[in-house]
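J.: Note that the protein sequences, when read in sequence, are chains A and B. The numbering of the first sequence is the numbering used here, which starts it at 24 and goes up by one. The numbering of the second sequence is the numbering used here, which starts it at 24 and goes up by one. Even for Gly, the Cβ is constructed at its ideal location relative to N, Cα and C. Source: prediction; values computed, not measured.
There are 2 protein chains.
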Amino acid sequence: MTARPENAHQARLLRLLRDEGPRSRAELGDVVQLSRSKLAQELDRLVETGLIETAGLAASRGGRRSGIVRLSPKLRFVAFDIGATSIDVAVTNGELEILGHVTEACDVRQGATAVLDRALELLGKLRDEGLIPQVHGTGIGVPGPVSFREGMPVVPPIMTGWDRFPVRDAIGQELGCPVLVDNDVNIMALGELHAGLARSVNDFLLVKIGTGIGCGIVVDGTIYRGVSGSAGDIGHIRINDGGPVCACGNAGCLEAYFGGAALTRDALAAARSGRSPYLAELLASGAEITARDVADAAAAGDPEAVRLVREGGRHVGQVLASLVSFFNPGLVIIAGGVAGFGHTLLAEIRSVVYRRSLPLATGNLPIVLSELPGTAGVIGATRLISDHVFSTA
Amino acid sequence: MTARPENAHQARLLRLLRDEGPRSRAELGDVVQLSRSKLAQELDRLVETGLIETAGLAASRGGRRSGIVRLSPKLRFVAFDIGATSIDVAVTNGELEILGHVTEACDVRQGATAVLDRALELLGKLRDEGLIPQVHGTGIGVPGPVSFREGMPVVPPIMTGWDRFPVRDAIGQELGCPVLVDNDVNIMALGELHAGLARSVNDFLLVKIGTGIGCGIVVDGTIYRGVSGSAGDIGHIRINDGGPVCACGNAGCLEAYFGGAALTRDALAAARSGRSPYLAELLASGAEITARDVADAAAAGDPEAVRLVREGGRHVGQVLASLVSFFNPGLVIIAGGVAGFGHTLLAEIRSVVYRRSLPLATGNLPIVLSELPGTAGVIGATRLISDHVFSTA
């Protein structure tokens, strides 16, 4: 059984020690506004439950030296970040610093049982390295719509064999700890909130462009999920009635222009027609053409590849321009497999949003690339579950 | 000086009595989860401050009969709902029931001093009727972007003479009570939350279509304003690069298709060309053609007027479809001067949104016309200020 805080004061102290690291009793007292005796009482209880420990004395602030407290170094949170074509397993301490992290290619369409078994095996490897004395909570991200309340994917388009599979309950039983499941884009947004460029921003958007295109929405420091959990599912916003047909059956969706499949389609056409000498050569060599190759071609100055990236940025920018006018965020972060397109993509997105959105909404709006490629998801997953473990809910 | 609650329990009790009406002590105890003695203590304090009063005994629930408490019948909140072409002044009791309401035509471009003076005169009339022993708080809505923190309009496009006029402080000084100022669309959304179709909905959108087009965003029962207060300003979302030129200087904005000026422009063209016999006759009679005339013409079956309404609905639907996919609201309410277009407009909006938004987001999404035409704004303004007065902030 994972120990939990007994009241809101203890929960607040735990989150503070998680986010800010070890602190003296005097410093904690300044922040939580409890009387000295009440604070001492709450901290004593947290020491008894094993969630925190004392760690020497702080430098004097003029009077008696104040004792330092910190989260127990034995606390461990686990993250499973399941993507369309990859799986990441990581373990962190109580302060959500990554102690171990493994990633490997994995097709989510193998189904829930196979993929989750593999995640547990990878966790076993980290356990064998002695990194995990005990698991205090596990956060899981999956690439599709999730019923957060039920802890399961619901009619996920690209997750064959996962519909209504009880991910939360199955893993909770397996690991004997609290588990929460969320959409992979939402956990990336939480990762940016905890450790990325959004650390000091309460209202922001994270746009993930990869196999699919999705948006994490953070309102007042909390994920906004919408009434049926589909908020941020922007991949099927229609750009143009006459546009290309999308996997969803409609035409002209954003993903039909710039999702993983669309980009591969356009890259292949550019290779076959010879419009892209770089990609044509690659195709002639017998290689399979991927989004990564388009990034490489663009970086090498292949004009058709650059055009594809710019056009993609323009389409993302068109959708984002409306959302920025509507939502007036404090920051927009671009993340996902497109990081390789870098500033060519970013410049195009910025240009469209700054030109088309309301001046009041863009006057002070940074649009940036994620600085946590590869880790936003796992950090966010542990943030999600630690928010829960460090609460009285 | 308006009395205020001393702590969060008292604030909660006051809001409960505002929203649910008189309640027995036993009923209040069930909801707020305080010990009987603690509850009695808080209620006694509220009676002392004059915010609530006792009102006889409730029917027995098996034991001793429980005393009923209610908000003081002397509580009064005032609303100024300033529109582009109208002004509404109302006074409510503590439960936000309208006791008096006057409305008249008024051009907001007369400037802040003239319009606010007129609002105070209208309030004076209500006072002369003996409706206002004392004002406990005033909520004000204005038709433009507002710095909520500063209580003033900021670069409002249609409010000549109002930029950075200190509306909150000026009226606060005049009336000697707490005052809050917000965008007119936000206060309409609060009105729907308090007394309209959104009473039981926590996350919803209110789209107001009138002189301008705006959207109130409610997240978890609270107005979401965005980082610079411009959230919901959807009138300048671009529908089409090649569209008509907008007053904002860009082309193809939603308002350039279906705002007040656009509709008058299209109606006049339809009259001049004779495509609309109804409007042509009106024009020939020397009348000025307004949006109301288009509604009348459509209701009379004039095919060109019906086409204009349908086309407007289609454009609103296009923007709304994206926002519904993004925000996944529990309800969308259509309000504003277009109520006269009724179900022709609503049918077209519904058709586009249901066809183009994500099925998960529309599966259970009602799109409805406001049932509070004429009162959503004033009720919302008093909700805004009573939320403040009934808080410890």
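Does the segment 70-80 of chain B come within contact of the segment 364-379 of chain B, defined as at least 3 CB pairs closer than 8 Å?
T.: no
J.: Could you pull the start and end residues of the alpha helix (DSSP H) that F350(B) belongs to?
T.: Taken as a continuous stretch (DSSP letters only), the alpha helix (DSSP H) holding F350(B) covers P326 to F350.
J.: If you run the structure through DSSP and keep just helix, strand and coil, what is S296(B)?
T.: helix
J.: Could you list which residues in chain B have their beta carbon closer than 9 Å to that of P419(A), in chain order?
T.: Only positions 24 to 416 of chain A appear in the structure, and residue 419(A) is not among them; the question remains open.
J.: For T77(A), write down the residues that DSSP places opposite it in a beta bridge.
T.: V92(A)
J.: What's the gap between the Cα of F349(B) and the Cα of L39(B)?
T.: 32 Å
J.: Is N206(A) helix, strand or coil by DSSP?
T.: strand
J.: Contact between the segment 323-337 of chain A and the segment 240-255 of chain A is defined here as three or more beta-carbon pairs at a separation below 8 Å; is this criterion met?
T.: no
J.: Find the nearest neighbour of G117(B) within the set D104(B), E304(B) and D410(B), judged by alpha-carbon distance.
T.: If we check each option's Cα against that of G117(B), D410(B) comes out closest.
J.: Given this structure, state the Cα-to-Cα distance separating V332(A) from A82(A), to the nearest angstrom.
T.: Approximately 54 Å between the Cα atoms of the pair.
J.: Is the separation between the beta-carbon of T286(B) and that of A294(B) shorter than 8 Å?
T.: Just to set this straight, residue 286(B) is Leu in the shown sequence, not Thr. Going by C-beta atoms, L286(B) is not nearer than 8 Å to A294(B).
J.: Under the DSSP definition of a beta bridge, which residues are partnered with G162(A)?
T.: A102(A) and L203(A)
J.: By Cβ distance, which residues of its chain are closer than 6 Å to G134(B), with the 5 residues on each side in sequence left out?
T.: G184
J.: Which residues of the segment 152-175 of chain B have a Cβ closer than 7 Å to any Cβ of chain A? Give them in chain order.
T.: P168
J.: Just grab the DSSP bridge partners of D53(B) for me.
T.: BP columns for D53(B) are empty, so no partner.
J.: Just reading off the beta strand (DSSP E) that L39(A) is part of, what are its end residues?
T.: Element bounds for L39(A): not the beta strand (DSSP E) but the alpha helix (DSSP H), A31 to E43.
J.: Is D226(B) helix, strand or coil by DSSP?
T.: coil
J.: Using three-state DSSP, classify G309(A) as helix, strand or coil.
T.: coil
J.: With burial defined as no fewer than 16 other Cβ atoms inside 10 Å of the residue's Cβ, what is the status of R191(A): buried or exposed?
T.: buried
J.: Quick one: which chain B residues come within Cβ less than 9 Å of S345(A)?
T.: I257, I260, R261, V342, S345, L346 and F349
J.: Pull up the CB-CB distance for P180(B) and A270(B), whole angstroms please, since I reckon it's below 8 Å.
T.: 7 Å between Cβ atoms; contact.
J.: Between C269(A) and chain B, is the shortest Cβ-Cβ distance under 8 Å, so that the two count as touching?
T.: no
J.: Contact check, I408(B) vs G162(B) under 8 Å by CB: the rounded distance?
T.: 4 Å
J.: So what's A82(B) in DSSP terms, helix, strand or just coil?
T.: Shown here, A82(B) sits in coil according to DSSP, grouped into three states, outside any helix or strand.
J.: Could you tell me the boundaries of the beta strand (DSSP E) in which E127(B) lies?
T.: I121 to A128
J.: Within 10 angstroms of its Cβ, does R261(B) collect 16 or more other Cβ (buried), or is it exposed?
T.: Sixteen is the threshold: when 16 or more other Cβ atoms of the shown chains lie within 10 Å of the Cβ of R261(B), as they do, the residue is buried.
J.: Hey, quick one: how far does the beta strand (DSSP E) through G365(A) stretch, first residue to last?
T.: Careful: G365(A) lies outside any beta strand (DSSP E), inside the alpha helix (DSSP H) at G365 to R379.
J.: Between the Cα of E29(A) and the Cα atoms of G73(A), L51(A), D130(A) and S47(A), which residue gives the shortest distance?
T.: G73(A)
J.: Please determine, among G359(A), M211(A) and C276(A), the residue with the shortest C-alpha to C-alpha distance to A399(A).
T.: Nearest C-alpha to A399(A) among G359(A), M211(A) and C276(A): M211(A).
J.: Compare the Cα-Cα distances from A321(B) to each of F413(B), A404(B), R41(B) and A290(B) and report the closest residue.
T.: Checked all of F413(B), A404(B), R41(B) and A290(B); the closest Cα to A321(B) is A290(B).
J.: Please name the residue or residues paired with I246(A) in a DSSP beta bridge.
T.: V241(A)
J.: List the residues of chain A whose Cβ lies closer than 8 Å to the Cβ of T238(B), in chain order.
T.: According to the sequence displayed, residue 238(B) carries Cys and not Thr. Per Cβ cutoff of 8 Å: F349.
J.: With DSSP run on the structure shown, which of helix, strand or coil describes L6(A)?
T.: As displayed, chain A neither begins before 24 nor continues past 416, which places residue 6(A) out of reach and without an answer.
J.: Helix or strand or just coil, what does DSSP make of L175(B)?
T.: The sequence given here places Met at residue 175(B); Leu does not occur at that position. Three-state result, M175(B): strand.
J.: So, does the CB of L383(B) fall closer than 8 Å to a CB anywhere in chain C?
T.: Looking for chain C here will not work: the only protein chains present are A and B.
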